[in-house]
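A quick write-up on the structure given underneath.
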Amino acid sequence: MHQYIEFLTSNPVLSLAWIGIVIALISMMVKEKNAKYKTIGINEATALVNNEEGVFLDIRSRDEFRKGHIVGSVHILPSQIQRQNTPELEKHKAAPIIVICKTGQVAQETANQLSKDGFTNVNVLKDGLIAWNEANLPLVASKKK
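Sequential numbering from 1 applies to the sequence shown in full-length UniProt numbering.
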């Protein structure tokens, strides 16, 4: 115990950084446990779409979506969701929704908004399209309009 106290007093910046990281990790875990959405992997996401008529909701920019997206995914921008301008999604209110962004980070805020808007089964694809690409799963490109 004496060694820990000595380390803390002789390295205050490093000690504060370590404490900050521990607090951030704990707060992330608490936030994830209390979230109204669920973070799921690729296998769970494909099972929801195939077995329970789930819908992939791609929230990336229009250009990113056109370059490559998951087959059958619905494209809606986060700004539309905030304004509750989502007529394409209204028919899927009770179906599983899998929110997708590039990395899985931006999708969390959108998933929270969808939960507040009454969607009952909202999920976020863990690590987003990066994980999808790493698993060598197919993407389709849209033709420019």
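Every residue gets a Cβ at the ideal spot worked out from N, C-alpha and C, and that includes glycine. From a predicted model like this one, the values you see are computed outputs, not experimental measurements.
Comparing alpha-carbon positions, which option in E109, G104, R83, S73 lies nearest H92? Minimum Cα-Cα distance from H92 among the listed residues E109, G104, R83, S73 corresponds to S73.
Local conformation of H2 per DSSP, three classes: The answer is helix: DSSP assigns H2 an H, G or I state.
Opening and closing residue of the beta strand (DSSP E) in which I97 lies: Annotation for I97: the continuous beta strand (DSSP E) segment containing it runs 97-100.
Under a three-way DSSP split, which group does F38 fall into? Here residue 38 turns out to be Lys, not Phe, going by the sequence shown. The three-state secondary structure of K38, taken from DSSP, is strand.
Let's see if you can read the secondary structure: which residues bound the alpha helix (DSSP H) around V106? V106 -> alpha helix (DSSP H) spans 106-116.
Contact check, D127 vs T103, beta carbons under 9 Å: Going by C-beta atoms, D127 is nearer than 9 Å to T103.
T120: buried (16+ other C-beta within 10 angstroms of its C-beta) or exposed? Exposed, because fewer than 16 other Cβ atoms sit within 10 Å of the Cβ of T120.
Checking 9 Å against the spacing of the C-beta atoms, do I70 and P12 come in under that value? No; because the gap between Cβ atoms is not below 9 Å, this pair is not in contact.
Of the listed residues G68, A131, K116, nearest to V140 (C-alpha basis): A check of alpha carbon separations from V140 across G68, A131, K116 identifies G68 as the nearest.
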